[in-house]
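Asks:
2 protein chains.
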Amino acid sequence: MLPNTSAPLSVEVMTGGQLARRERLTRAVVDLVAESGADSFQMKDVADRSGVALGTAYRYFASKDHLLAVAMSEWQRRLTDRVIADFDRRGVPAVPVVERVLDYTNREIRGFQRHAHFAGLMVRIYTSTDPFASEAMREISRNNSAVMERLLADVPDRPRAIARNAVESVLMHALTTWVTDRCTIADVFERVTATVQYVLAPERLAAATGAGTTTG
Amino acid sequence: MLPNTSAPLSVEVMTGGQLARRERLTRAVVDLVAESGADSFQMKDVADRSGVALGTAYRYFASKDHLLAVAMSEWQRRLTDRVIADFDRRGVPAVPVVERVLDYTNREIRGFQRHAHFAGLMVRIYTSTDPFASEAMREISRNNSAVMERLLADVPDRPRAIARNAVESVLMHALTTWVTDRCTIADVFERVTATVQYVLAPERLAAATGAGTTTG
DNA sequence: GGCGAAACTAGAACACAATTTCATATCTCA
DNA sequence: TGAGATATGAAATTGTGTTCTAGTTTCGCC
Chain P
1 MLPNTSAPLS VEVMTGGQLA RRERLTRAVV DLVAESGADS FQMKDVADRS GVALGTAYRY
61 FASKDHLLAV AMSEWQRRLT DRVIADFDRR GVPAVPVVER VLDYTNREIR GFQRHAHFAG
121 LMVRIYTSTD PFASEAMREI SRNNSAVMER LLADVPDRPR AIARNAVESV LMHALTTWVT
181 DRCTIADVFE RVTATVQYVL APERLAAATG AGTTTG
Chain X
1 MLPNTSAPLS VEVMTGGQLA RRERLTRAVV DLVAESGADS FQMKDVADRS GVALGTAYRY
61 FASKDHLLAV AMSEWQRRLT DRVIADFDRR GVPAVPVVER VLDYTNREIR GFQRHAHFAG
121 LMVRIYTSTD PFASEAMREI SRNNSAVMER LLADVPDRPR AIARNAVESV LMHALTTWVT
181 DRCTIADVFE RVTATVQYVL APERLAAATG AGTTTG
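Protein chains in written order, with UniProt numbering: chain P, 1 to 216; chain X, 1 to 216.
This is the structure we're talking about:
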């Protein structure tokens, strides 16, 4: 019964009951966030809702931010899973890259628009300095990038990495700006769309393939 | 002596002494942030350091975030002012766009690298939902965009707006990722550089000038 | 040169949640 | 079945932004 000085229980080592408890925690958080946002509930509420004691919750997650980040990760995976599923169903090369990517970014933006509390949460986690939250954010990014890499599979290496980063950046930036009430949701759609079209326009991709100005 | 229910004193209406007091507050905050970051001091410390009573500070700024945001804005303006000054000295068209912009972004990144506490602060303010902090952030963005607009003056409208947004986004995204310990400072330089070169490459700019695939 | 209102000061008091603690109950499995 | 690890529930702790109080200063104005 050491005090809670150590890292949270790692998922690998958990018994079935513990995994279930962990699951109940994250599910409760996802629900609470969906209902009214991450600021509107306390850890106590999470405990009540999940049926896991408050002290116990802290054996599973190092902080509220950590828990929130994992919940965010969960929610986001649901979204990308759907995108991937649709993508697999349709088959790959039917549509040009620009449209494929736009389809994805628009879905993501619509998702955040419909569930604005998750947009707020995303921004919060995006900039959390809690190391465990940060780790969960890495996971989210990886997942996101994986989807993009799939959509960009037939784009040459060099422009692909740049374009992917640019699109992801613009998306996050626009989202942040929207969440903090510095632009409208229409602006978000517009900026992302324009960027995707600009950065992935066929003639530009072709031009970039061999380009290699030294980077310094 | 009404309670502090109302908006903070507006700068326009202040007497000389009040402006001085406000100045002492922001200066104290800039110093404190420079020394050890925004999380390491309390409002009480700001009061002590500035010689302004705590309660009075709250007549000038609605919240700690508000005060921090204004301090950030101040610090950032110093940086951009220097850039603009150098730019004016050299005259405009001497260097190609890509190099002009890279010069600017690299300076900015180096500034944040040298004063990492301000990078942390920027990220904090960037996502603050406090309306007054948000307002100050708008100011920062405007200032930044103004610099970029100057550097991009000879780029045609349509690609200019897109490129500017892309560069700003990638810069903020990379900075955020660095601050939250999800990439190295070298990555930041690299990503921004690659983006600038890609997005502002002369042949691409030319190609984009007339392009207008419908957006809806 | 004194009045009154508004602004300032010092510092105590408050609010509010995250986090920790602990005594007790409950599992788990040899 | 019993020892040790885990979980529970509720209360205690903590840190800090923000507000409040009571006394003091400032300043325009008659």
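Beta carbons are placed, not taken as given, at the ideal position from N, Cα and C, and that holds for glycine.
1. Is any beta-carbon of chain P found at less than 7 angstroms from that of X/A116?
2. Taking 7 angstroms as the threshold (beta carbon to beta carbon), is P/D181 in contact with chain X?
3. Give the DSSP-derived three-state secondary structure of P/H117 in the structure shown.
4. In the DSSP assignment, the alpha helix (DSSP H) including P/L79 goes from what residue to what residue?
5. Taking 7 angstroms as the threshold (C-beta atoms), are P/S40 and P/R24 in contact?
6. With a CB to CB cut of under 7 angstroms and the five nearest residues on each side skipped, what residues in its chain are close to P/V33?
7. Is the Cβ of P/R59 closer than 7 angstroms to any Cβ of chain X?
8. Could you tell me if X/L102 is buried or exposed, where buried requires 16 or more neighbouring beta carbons within 10 angstroms of its beta carbon?
9. Using DSSP with H/G/I as helix, E/B as strand and the rest coil, what is X/V155?
10. Only counting runs of 4 or more residues, tell me where the alpha helix (DSSP H) segments fall wholly within the segment 130-190 of chain P, in order along the chain.
11. Kindly indicate which three-state DSSP category P/D39 falls into: helix, strand or coil?
12. Going by DSSP in three states, X/G16 sits in which element: helix, strand or coil?
13. By DSSP, does X/V202 sit in helix, in strand, or in coil?
14. Starting from X/A57, trace the alpha helix (DSSP H) in both directions and tell me its first and last residue.
15. Where does P/V170 land, buried or exposed, given buried means 16+ other C-beta within 10 angstroms?
16. Using the beta-carbon of each residue, which ones in chain X are nearer than 9 angstroms to P/I140?
17. Using 10 angstroms around the beta-carbon of X/G212, count the other beta-carbons present and answer buried if the total reaches 16, otherwise exposed.
18. Cβ closer than 7 angstroms: which chain P residues qualify as neighbours of X/E203?
19. Excluding the 5 residues preceding and the 5 following X/L79 in the sequence, name in chain order all residues of the same chain whose CB lies nearer than 6 angstroms to its CB.
20. Give me the chain P residues within the contact set of X/A38, using Cβ-Cβ distance strictly less than 9 angstroms, ordered along the chain.
21. Buried or exposed: which applies to P/T184, given that a residue is buried once 16 or more other Cβ atoms fall within 10 Å of its Cβ?
22. Whether or not the segment 158-169 of chain P and the segment 124-138 of chain P are in contact is what I'm after, with contact meaning three or more pairs of Cβ atoms, one per stretch, closer than 8 angstroms; do they touch?
23. Excluding sequence positions up to five away, which residues of its chain have a Cβ less than 6 angstroms from the Cβ of X/T215?
24. Does the beta-carbon of P/E203 have 16 or more other beta-carbons within 10 angstroms, so that it is buried, or is it exposed?
25. With a Cβ-Cβ cutoff of 7 angstroms, do P/V199 and P/A166 count as a contact?
26. Going by the beta-carbon positions, is the gap between X/Y60 and X/R90 smaller than 7 angstroms?
27. Taking 7 angstroms as the threshold (C-beta atoms), are P/T127 and P/E74 in contact?
28. What residues in the segment 67-101 of chain P bring their beta carbon closer than 9 angstroms to a beta carbon of chain X?
29. Please list, in chain order, the chain X residues whose beta carbon lies closer than 7 angstroms to that of P/I162.
30. Give me the chain P residues within the contact set of X/V170, using Cβ-Cβ distance strictly less than 7 angstroms, ordered along the chain.
31. Would you say P/R24 faces chain X, with C-beta separation under 7 angstroms as the test?
32. Going by C-alpha distance, which of P/V192, P/E139, P/R114 is nearest P/R77?
33. Determine, using beta carbons only, whether P/S145 comes closer than 7 angstroms to chain X.
34. To the nearest whole angstrom, what separates the beta carbons of X/L68 and X/V29, a pair I think is in contact under 8 angstroms?
Replies: Straight from the coordinates:
1. Counted from its first residue, the second sequence places residue 116 of chain X at position 116. X/A116 does not count as touching chain P.
2. Translated into positions along the first sequence, residue 181 of chain P becomes position 181. It does; some Cβ of chain X falls within 7 angstroms.
3. Within the first sequence, numbered from 1, the residue matching residue 117 of chain P stands at position 117. Helix.
4. Along the first sequence, one-based indexing puts residue 79 of chain P at 79. Start and end: 64-90.
5. Reading the first sequence from its first residue, position 24 is the one you call residue 24 of chain P. Reading the first sequence from its first residue, position 40 is the one you call residue 40 of chain P. No, these two residues do not count as a Cβ contact at 7 angstroms.
6. Mapped onto the first sequence, residue 33 of chain P falls at position 33. If the five residues before and after P/V33 are omitted, its C-beta is found closer than 7 angstroms to the C-beta atoms of A71, H117, F118, L121, all from its own chain and listed in chain order.
7. Here the question's residue 59 of chain P lines up with position 59 in the first sequence. So no, P/R59 is outside the interface.
8. Here the question's residue 102 of chain X lines up with position 102 in the second sequence. Per the 10 Å Cβ criterion, buried.
9. Indexing the second sequence from 1 puts residue 155 of chain X at position 155. Coil, per DSSP.
10. 131-151, 157-179
11. Counting from one through the first sequence, the residue named residue 39 of chain P turns up at place 39. In the structure shown, P/D39 sits in coil (DSSP, three-state: anything other than H, G, I, E or B).
12. Numbered from its first residue, the second sequence carries residue 16 of chain X at position 16. Looking at X/G16 - three-state DSSP - the assignment turns out to be helix.
13. The sequence position of residue 202 of chain X within the second sequence is 202, counting from 1. The question names Val, but residue 202 of chain X is Pro in the sequence shown. Helix.
14. Reading the second sequence from its first residue, position 57 is the one you call residue 57 of chain X. Start and end: 54-60.
15. In the first sequence, the residue the question calls residue 170 of chain P occupies position 170. Answer is buried; the Cβ neighbour count reaches 16.
16. Within the first sequence, numbered from 1, the residue matching residue 140 of chain P stands at position 140. Those within 9 angstroms of P/I140 in chain X number zero; the least Cβ separation is about 10 angstroms.
17. Walking along the second sequence from the start, residue 212 of chain X turns up at place 212. Confidence is the limiting factor: at X/G212 the pLDDT is only 43, short of 50, which leaves the residue's position unreliable and the question unanswerable from this model.
18. The residue labelled residue 203 of chain X in the question sits at position 203 within the second sequence. The contacting residues are A207.
19. Position 79 of the second sequence, counted from the start, is the residue given in the question as residue 79 of chain X. Here X/L79 has G111 as same chain residues with Cβ atoms under 6 angstroms from its own Cβ, once five neighbours each way along the sequence are excluded.
20. For the purposes of this step, residue 38 of chain X is taken as the residue at position 38 of the second sequence. Here the premise fails: no neighbours, minimum Cβ distance about 11 angstroms.
21. Position 184 of the first sequence, counted from the first residue, corresponds to residue 184 of chain P. Label assigned to P/T184: exposed.
22. no
23. If you number the second sequence from 1, residue 215 of chain X lands on position 215. Reliability fails at X/T215, whose pLDDT of 36 lies under 50, so the model's placement of it is uncertain and the value that follows must be treated cautiously. So no residue of the chain qualifies.
24. As a working mapping, residue 203 of chain P is identified with position 203 in the first sequence. The residue in question, P/E203, is exposed, as its Cβ has fewer than 16 Cβ neighbours within 10 Å.
25. Position 199 of the first sequence, counting from 1, holds the residue named residue 199 of chain P. Position 166 of the first sequence, counting from 1, holds the residue named residue 166 of chain P. In this structure, P/A166 lies closer than 7 angstroms to P/V199 by Cβ.
26. By one-based count along the second sequence, residue 60 of chain X stands at place 60. By one-based count along the second sequence, residue 90 of chain X stands at place 90. Contact: no.
27. Taking the first residue of the first sequence as 1, we reach residue 74 of chain P at position 74. Taking the first residue of the first sequence as 1, we reach residue 127 of chain P at position 127. No, the pair does not count as a contact, with Cβ atoms beyond the cut-off.
28. V98
29. Position 162 of the first sequence, counting from 1, holds the residue named residue 162 of chain P. The answer, in chain order, is A194, T195, Y198.
30. Translated into the one-based positions of the second sequence, residue 170 of chain X becomes position 170. Residues of chain P passing the Cβ test: N165, A166, S169.
31. Looking up residue 24 of chain P in the first sequence gives position 24. No, its Cβ sits nowhere closer than 7 angstroms to a Cβ of chain X.
32. Here residue 77 of chain P refers to the residue found at position 77 of the first sequence. With distances taken between Cα atoms, P/R77 lies closest to P/E139.
33. For the purposes of this step, residue 145 of chain P is taken as residue 145 along the first sequence, with counting starting at 1. By the rule that beta-carbons nearer than 7 angstroms mark a contact, P/S145 does not touch chain X.
34. Your numbering for residue 68 of chain X matches position 68 in the second sequence. Your numbering for residue 29 of chain X matches position 29 in the second sequence. 6 angstroms between Cβ atoms; contact.
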